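So the sequence lines, in the order shown, correspond to chains A and B. With the numbering used here, the residue at position 111 of the first sequence is 856, and numbering never jumps. With the numbering used here, the residue at position 12 of the second sequence is 16, and numbering never jumps. Think of the CB as a built atom: it goes at the ideal place given N, C-alpha and C, for glycine as much as any other residue. Owing to the predicted nature of the structure, the values given are computational and were not obtained by experimental measurement.
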Amino acid sequence: NAGVTQTPKFQVLKTGQSMTLQCAQDMNHNSMYWYRQDPGMGLRLIYYSASEGTTDKGEVPNGYNVSRLNKREFSLRLESAAPSQTSVYFCASSATGAGWTEAFFGQGTRLTVV
Amino acid sequence: GQQVMQIPQYQHVQEGEDFTTYCNSSTTLSNIQWYKQRPGGHPVFLIQLVKSGEVKKQKRLTFQFGEAKKNSSLHITATQTTDVGTYFCAGPPDSGYSTLTFGKGTMLLVSP
């Protein structure tokens, strides 16, 4: 029972480099999310996908892009990494909108931009 | 826009003491969810409250939803070291049910 799987678990980037964070869920959920977590700031929504084929901006979308590749996979791309993007990134999924049903989180990706 | 605020930000208790964290929303919530995140881990769903004045219990944890559906609390009786972690409340934003807005969390440290 994998649930939500994120790769990689850890990553160090140099300023200006690009990378894609991968996320896959095996629960047949419609909705998927990307959050970032910084000390003292809680979880902030970057982007979400309410259903396959749709994506929408969250609270802090600047510097990121997303792709809902299919129902299972939702990737987050940093085109030109900046030190301000050093954070822990969590992917999550829910059967329907997370505002109404339980959200399941992945293990997180700890990203450092130097 | 909607804000979900939690207090306290941090609490350190001795094992066996009780603990309470409070969550307040600037707007009425249709429901509220609580999550727990262990150090170095990921958030894990604990419970959802829907009805005004609702009270739910999970062993030593008691969750309440306010009568006006603008506040909630989580109370832990006789804390144990396994209760260590950060507790988050979360609710749907004003715009609908597509996402969750999280409070900043209360970090609980329990000393043996």
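Item to complete: Using a Cβ-Cβ cut-off of 8 angstroms, state whether residue 26/B counts as contacting chain C.
Response: The question asks about chain C, but that chain is absent: this structure's protein chains are A and B.
Discussion item. Counting only beta-carbon separations shorter than 8 angstroms, does residue 747/A have a partner in chain B?
Written reply: Locating residue 747/A in the first sequence gives position 2, where the first residue counts as 1. No, because no Cβ of chain B sits closer than 8 angstroms to the Cβ of residue 747/A.
Worksheet item: From what residue to what residue does the beta strand (DSSP E) around residue 53/B run?
Response: Counted from its first residue, the second sequence places residue 53/B at position 49. Start and end: 48–53.
Worksheet item: residue 38/B lies in the beta strand (DSSP E); which residues open and close that run?
Response: By 1-based counting over the second sequence, the position of residue 38/B is 34. Element bounds for residue 38/B: 36–41.
Discussion item. I'd like to know whether the C-beta of residue 67/B is nearer than 8 angstroms to at least one C-beta of chain A.
Written reply: Along the second sequence, one-based indexing puts residue 67/B at 63. No - not a single Cβ of chain A is within 8 angstroms of the one on residue 67/B.
Worksheet item: Where does residue 84/B sit, in a helix, a strand or coil, going by DSSP?
Response: Counting from 1 along the second sequence, the entry for residue 84/B is found at position 80. Looking at residue 84/B - three-state DSSP - the assignment turns out to be coil, as it is neither helix nor strand.
Practice prompt. Just the C-alpha distance for residue 26/B and residue 844/A, rounded to the nearest angstrom, thanks.
Written response: Counting from 1 along the second sequence, the entry for residue 26/B is found at position 22. Counting from 1 along the first sequence, the entry for residue 844/A is found at position 99. Straight-line Cα distance between these residues: approximately 19 angstroms.
Worksheet item: With distances taken from CA atoms, which of 834/A, 770/A, 831/A and 747/A is nearest residue 815/A?
Response: As a working note, residue 815/A is residue 70 in the first sequence. Closest option to residue 815/A, Cα to Cα, is 770/A.
Worksheet item: Should residue 819/A and residue 47/B be called a contact, given that it needs their Cβ atoms to be closer than 8 angstroms?
Response: Locating residue 819/A in the first sequence gives position 74, where the first residue counts as 1. Locating residue 47/B in the second sequence gives position 43, where the first residue counts as 1. Against a cut-off of 8 angstroms, the Cβ pair of residue 47/B and residue 819/A comes out as no contact.
Worksheet item: So is residue 798/A in contact with chain B if we call contact Cβ pairs under 8 angstroms?
Response: Position 53 of the first sequence, counted from the first residue, corresponds to residue 798/A. Chain B contact via Cβ: absent.
Worksheet item: Are the stretch 791–806 of chain A and the stretch 764–780 of chain A touching by the rule of at least three beta carbon pairs closer than 8 angstroms?
Response: yes
Item to complete: Report the partner residues of residue 757/A according to the DSSP bridge assignment.
Response: What you label residue 757/A is simply residue 12 of the first sequence in a count that begins at 1. For residue 757/A, which the question treats as bridged, DSSP gives the partners 857/A.
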